[in-house]
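Protein chains in written order, with this note's numbering: chain A, 8 to 295; chain B, 8 to 295; chain C, 8 to 295; chain D, 8 to 295.
Backbone N, C-alpha and C fix where the C-beta goes; we use that ideal spot for every residue, glycine too.
This report refers to the structure that appears directly beneath it.
4 protein chains.
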Amino acid sequence: MTESKSSDFILLLSSADRPGLVSLISRFIYERGGNILDLNEHVDPVEKNFFIRVSWNIPDPGVSHEELENAFRPHADEIGASWKIHQSDRKTRTAIFVSRYDHCLHEILWRNSIGEFAVDVALIVSNHADLQPLAERYGIPFHLFPVKSTNKHETEEKELELLERNGIETIVLARYMQILSSGFVERYPSRVINIHHSFLPAFIGGNPYRQAYERGVKIIGATSHYVTEELDQGPIIEQDIIRVTHKDTLEDLIRKGRDLERFVLAKALRLHASHRILVNGKKTVVFD
Amino acid sequence: MTESKSSDFILLLSSADRPGLVSLISRFIYERGGNILDLNEHVDPVEKNFFIRVSWNIPDPGVSHEELENAFRPHADEIGASWKIHQSDRKTRTAIFVSRYDHCLHEILWRNSIGEFAVDVALIVSNHADLQPLAERYGIPFHLFPVKSTNKHETEEKELELLERNGIETIVLARYMQILSSGFVERYPSRVINIHHSFLPAFIGGNPYRQAYERGVKIIGATSHYVTEELDQGPIIEQDIIRVTHKDTLEDLIRKGRDLERFVLAKALRLHASHRILVNGKKTVVFD
Amino acid sequence: MTESKSSDFILLLSSADRPGLVSLISRFIYERGGNILDLNEHVDPVEKNFFIRVSWNIPDPGVSHEELENAFRPHADEIGASWKIHQSDRKTRTAIFVSRYDHCLHEILWRNSIGEFAVDVALIVSNHADLQPLAERYGIPFHLFPVKSTNKHETEEKELELLERNGIETIVLARYMQILSSGFVERYPSRVINIHHSFLPAFIGGNPYRQAYERGVKIIGATSHYVTEELDQGPIIEQDIIRVTHKDTLEDLIRKGRDLERFVLAKALRLHASHRILVNGKKTVVFD
Amino acid sequence: MTESKSSDFILLLSSADRPGLVSLISRFIYERGGNILDLNEHVDPVEKNFFIRVSWNIPDPGVSHEELENAFRPHADEIGASWKIHQSDRKTRTAIFVSRYDHCLHEILWRNSIGEFAVDVALIVSNHADLQPLAERYGIPFHLFPVKSTNKHETEEKELELLERNGIETIVLARYMQILSSGFVERYPSRVINIHHSFLPAFIGGNPYRQAYERGVKIIGATSHYVTEELDQGPIIEQDIIRVTHKDTLEDLIRKGRDLERFVLAKALRLHASHRILVNGKKTVVFD
């Protein structure tokens with residue numbers, strides 16, 4: 008999906024459904040000389056909500072991003088929409104939170120290094136020093152915030168200050184083994200992406216591989232979701248699975264699951280960074 | 008995808024790409040009181056072709072199907088489009104061609120009986136009598152046309168006459184073991200759906216399971232495609248695969264493949280009958 | 008897996024692990040002129056239990072099934088094994104319990120009709136009359152036992168009497184919408200196969216498709232398991248999944264799930280009837 | 008599959024089938040105090056060949072690897088078997104051949120670094136200098152052999168000399184863009200593992216992603232196989248696939264294919280290094 012030319016824009020919009028929305032949006036684009044490259048639309052037939060993602064190209068000299076947003080605002084206000092116009096060539100400022108496992112961080116940094124993501128990994132936050140060498144190898148600032156039961160609130164405040172100072176837009180929890188407080192999560196609604204190492208809603212909480220091993224399932228999974236206040240209950244972005252058999256030990260489940268985790272998290276980040284996800288209550292609309 | 012209300016329409020259209028196409032189409036719908044239910048658009052970035060599927064609802068009293076087509080024709084002519092407006096509640100008149108294997112026919116008739124397809128199976132054609140009882144069980148006329156090397160042309164003429172007389176729009180080759188002539192195929196462009204029992208383009212031609220067994224592949228497949236003059240070369244609609252191991256005998260491959268064949272063919276027919284496929288040269292655009 | 012010659016045998020055995028078990032079993036077979044066709048062995052590294060499935064051929068004139076079992080009994084007693092020697096060409100006497108949905112029954116009867124299962128479907132039990140015509144089409148006796156809240160115990164007694172009279176060995180719950188009592192289940196340990204329409208342990212209990220729809224999962228599943236006293240907690244035999252998206256309505260989930268249900272249940276029955284499953288506590292060992 | 012204790016052995020053996028083989032092998036193990044941990048056996052029903060993999064443990068003080076091989080040799084000779092007894096804790100001396108793409112090398116080195124493979128990556132050979140930094144990061148000697156059309160034979164001689172001097176047992180072609188000569192391949196029969204970036208036998212030869220893009224397939228694949236004299240014709244070890252749609256450009260196919268390539272090659276190497284593969288003519292028996 009090659010939308011990364013310098014004059015490409017992407018609109019993500021949701022609103023209550025009503026006739027004329029596609030017409031309004033496509034005329035807006037056409038009148039400004041835009042040519043639509045890709046358009047996906049969805050109407051939730053139960054909730055009667057409208058969702059759209061449009062990407063379009065404007066030949067130079069085109070309007071600026073700001074001009075576009077200003078021109079679109081009155082239309083959006085009229086229909087009561089939640090919306091944002093993104094520039095395809097602008098990378099999302101991203102922070103990655105990790106603890107000790109390296110597989111997800113490895114995957115994201117390597118993929119990013121070969122240009123698979125439209126993200127700018129601005130910094131890495133960790134409660135352990137283990138992954139500092141990996142961060143340094145990719146030249147990314149590593150910030151150590153040891154978390155103790157007594158300093159959780161203060162630590163989060165420092166982290167938030169760091170994120171704000173660095174203009175962070177998206178946070179990826181790459182097997183970060185701490186639970187963020189509600190206050191923290193509320194600051195980044197639908198912008199904190201987590202990977203849970205089970206096929207949610209099966210095996211919520213701790214030790215999902217052990218739970219899976221003891222239950223004797225024939226398939227294990229991994230789930231990437233936006234973080235909300237309720238643990239493991241946020242809108243699911245992506246899931247994937249792998250078969251296991253009676254031969255697989257707990258260690259085998261963990262090994263197979265590692266592959267799932269890094270792929271599912273990478274896919275979720277890719278979808279998020281290319282502006283393909285809209286939140287619909289407790290669910291997501293993913294325009295893949 | 009619940010679009011089957013009595014006043015629902017679906018437009019399938021392709022043309023050369025240019026700015027304003029979505030705007031033109033969506034305005035056309037909006038001006039006639041339509042509310043878009045589902046819209047998918049694709050631009051081939053290499054060939055610069057535009058493809059769209061839109062489904063919309065018009066509250067009663069709405070315009071008729073004919074009025075809609077007449078109103079849209081000038082627009083379509085102007086942009087040089089290939090297009091058709093379908094009524095969601097109108098079933099596609101379908102003929103199924105079979106030989107001796109029952110699995111694909113079984114699958115289609117059963118799925119159709121529980122309402123999974125928007126097809127009206129008007130008749131079954133076969134070069135063998137074996138499946139007549141199955142046809143009768145579902146109350147569908149069964150026409151036996153034994154094919155010999157000496158009468159192929161005459162037989163096809165009779166078949167074509169039968170199809171025309173019955174207003175057949177789509178033909179499904181459900182493991183029909185005869186090769187249709189070019190003349191026959193040309194009469195139903197992008198409207199003859201075949202199932203090939205391999206993962207095309209691997210194992211073209213006869214005995215693909217034996218070829219797969221002898222090559223020692225670890226995965227087998229099935230492919231549904233539109234029939235064109237060149238054998239097994241038509242635009243691919245759907246493919247699926249299943250794992251095999253060294254334990255699987257040729258008979259096991261055939262057994263596992265049966266499941267693939269009936270599922271892949273059923274899915275292709277479902278996509279076709281719900282007007283989700285556009286042909287793009289040697290390929291398909293499938294708005295699933 | 009072609010083991011269906013008239014003088015083929017299959018041993019399924021489990022016991023505590025200790026050195027010499029494979030040697031003991033393979034020598035036993037060899038000394039009686041048997042040639043091993045397929046052997047799978049597993050040792051649970053945590054519980055230290057031993058599981059084996061061996062199939063072998065004895066050229067005519069061979070020993071009888073009874074002679075083999077009598078000859079093996081002293082060895083099995085010595086190692087304290089649970090075991091059974093099956094004849095490959097002997098079909099398992101099976102009863103199918105259904106309610107109103109026809110897809111699983113359809114699938115099993117059709118597959119059985121083309122020889123995919125080593126089962127003899129002796130009778131069908133239902134609490135509704137809906138599927139009687141389907142049973143009759145395949146010439147299988149259909150027994151209607153309307154279940155009311157007031158007569159559950161008596162009904163089960165009658166069913167058990169019917170099963171016993173017909174020498175039923177295996178019961179398949181093909182979307183049977185009644186919960187069997189503990190007393191019933193205990194009579195057929197590891198011999199009642201159920202299909203649950205979710206990816207267990209997610210969405211236990213009623214309306215799993217609705218639960219899945221509301222949670223917004225990106226994958227749905229189906230699970231076949233042996234029935235135990237605890238609802239949806241029995242040892243899992245087989246699971247499979249299919250992807251869903253935000254476009255899929257609840258009806259789409261049900262439709263996609265139907266395909267999963269019939270495939271997963273059919274596979275579980277196939278594995279069971281070809282004597283490929285051993286129960287290991289709350290789990291299964293499946294020698295596929 | 009935890010077989011890596013210091014006194015674990017693995018026998019891989021193939022021979023013509025005849026009664027008594029399992030009995031002979033299992034008795035041999037039992038008589039030396041061994042306890043079988045895992046046993047897989049296969050008889051090719053067409054070719055009448057016998058294949059077995061057995062792993063067993065001998066409590067200390069046990070026999071040595073050499074003693075075991077010497078003791079087993081007369082038995083193997085008698086049945087005319089191809090065989091080898093491996094020590095579970097001994098890592099396979101491996102060389103990786105690369106060109107410019109880093110994804111497969113990255114994957115193998117990272118997985119090896121966290122202990123997923125029983126391999127000792129002794130050296131890396133390349134015809135380009137690009138991946139030298141990656142090799143150095145993992146502390147692995149990197150040998151540059153620029154290949155020109157005029158020096159191919161001499162270069163291979165030098166490479167073979169290097170491999171021999173370093174006791175290399177297995178060679179992994181991790182997207183190595185040179186074709187090895189027959190003479191080279193013959194020196195490492197069933198010990199050179201390649202990754203081909205298509206679902207073989209579809210799209211043999213160059214540019215398989217372009218071929219797939221132009222054919223309009225709905226699924227792409229990758230295939231790992233042992234290298235033989237005939238290009239892309241060696242025994243297949245492992246294959247996997249991923250879905251593509253009309254939206255995927257050639258670049259998307261390459262991106263999605265990268266993930267397949269690294270996973271399929273890694274799995275093949277894992278299977279090979281844990282002694283789970285036997286070659287059966289043009290096919291493999293994989294005891295996964």
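Please report how far the alpha carbon of residue i lies from the alpha carbon of residue j, in whole angstroms.
| i | j | result |
| --- | --- | --- |
| residue 12 of chain B | residue 286 of chain A | Only weak support is given to the placement of residue 12 of chain B: the predicted model assigns it a pLDDT of 42, under 50, and the value that follows is read from those uncertain coordinates. Near 28 Å, if we compare the C-alpha coordinates of residue 286 of chain A and residue 12 of chain B. |
| residue 271 of chain C | residue 244 of chain C | 9 Å |
| residue 247 of chain B | residue 196 of chain B | 24 Å |
| residue 182 of chain D | residue 209 of chain D | 18 Å |
| residue 148 of chain B | residue 140 of chain C | 21 Å |
| residue 14 of chain C | residue 58 of chain D | 22 Å |
| residue 108 of chain D | residue 206 of chain B | 28 Å |
| residue 36 of chain B | residue 127 of chain B | 28 Å |
| residue 67 of chain A | residue 77 of chain B | 38 Å |
| residue 265 of chain A | residue 259 of chain A | 10 Å |
| residue 91 of chain C | residue 18 of chain C | 6 Å |
Looking at the structure shown, is residue i part of a helix, part of a strand, or coil, going by DSSP?
| i | result |
| --- | --- |
| residue 294 of chain C | coil |
| residue 244 of chain B | strand |
| residue 18 of chain C | strand |
| residue 152 of chain D | coil |
| residue 236 of chain B | coil |
| residue 207 of chain A | coil |
| residue 27 of chain A | coil |
| residue 162 of chain B | helix |
| residue 271 of chain C | helix |
| residue 124 of chain D | coil |
| residue 91 of chain A | strand |
Residue i touches chain A at which residues, Cβ-Cβ below 9 Å?
| i | result |
| --- | --- |
| residue 47 of chain B | 46, 47, 48 |
What in chain B is Cβ-close to residue i, meaning under 9 Å?
| i | result |
| --- | --- |
| residue 287 of chain D | 223, 253 |
So with CB distances below 8 Å, who are the chain D contacts of residue i?
| i | result |
| --- | --- |
| residue 113 of chain A | 117 |
Pop quiz: residue i and residue j are said to be a contact at Cβ under 8 Å. What is the actual Cβ separation, rounded to whole angstroms?
| i | j | result |
| --- | --- | --- |
| residue 114 of chain C | residue 269 of chain C | 4 Å |
| residue 296 of chain B | residue 242 of chain D | Summary: the structure shown does not reach residue 296 of chain B, with chain B confined to residues 8 through 295, and so no result is reported for it. |
| residue 179 of chain B | residue 103 of chain B | 5 Å |
Listing by chain order, which chain B residues have their CB less than 7 Å from the CB of residue i?
| i | result |
| --- | --- |
| residue 41 of chain A | 26 |
| residue 123 of chain C | 262 |
Is residue i close to chain B? Criterion is C-beta to C-beta, closer than 8 Å.
| i | result |
| --- | --- |
| residue 209 of chain D | yes |
| residue 183 of chain A | no |
| residue 195 of chain A | no |
| residue 226 of chain D | yes |
| residue 140 of chain D | no |
| residue 242 of chain D | yes |
| residue 248 of chain D | yes |
Quick check: is the beta carbon of residue i nearer than 8 Å to any beta carbon in chain C?
| i | result |
| --- | --- |
| residue 186 of chain A | no |
| residue 29 of chain D | yes |
| residue 206 of chain A | yes |
| residue 290 of chain A | yes |
Any Cβ of chain A within less than 8 Å of the Cβ of residue i?
| i | result |
| --- | --- |
| residue 216 of chain B | no |
| residue 33 of chain B | yes |
| residue 37 of chain B | yes |
| residue 66 of chain C | no |
Do we get a CB-CB distance below 8 Å when we pair residue i with the residues of chain D?
| i | result |
| --- | --- |
| residue 293 of chain B | yes |
| residue 245 of chain B | yes |
List the residues of chain B whose Cβ lies closer than 8 Å to the Cβ of residue i, in chain order.
| i | result |
| --- | --- |
| residue 52 of chain D | 256 |
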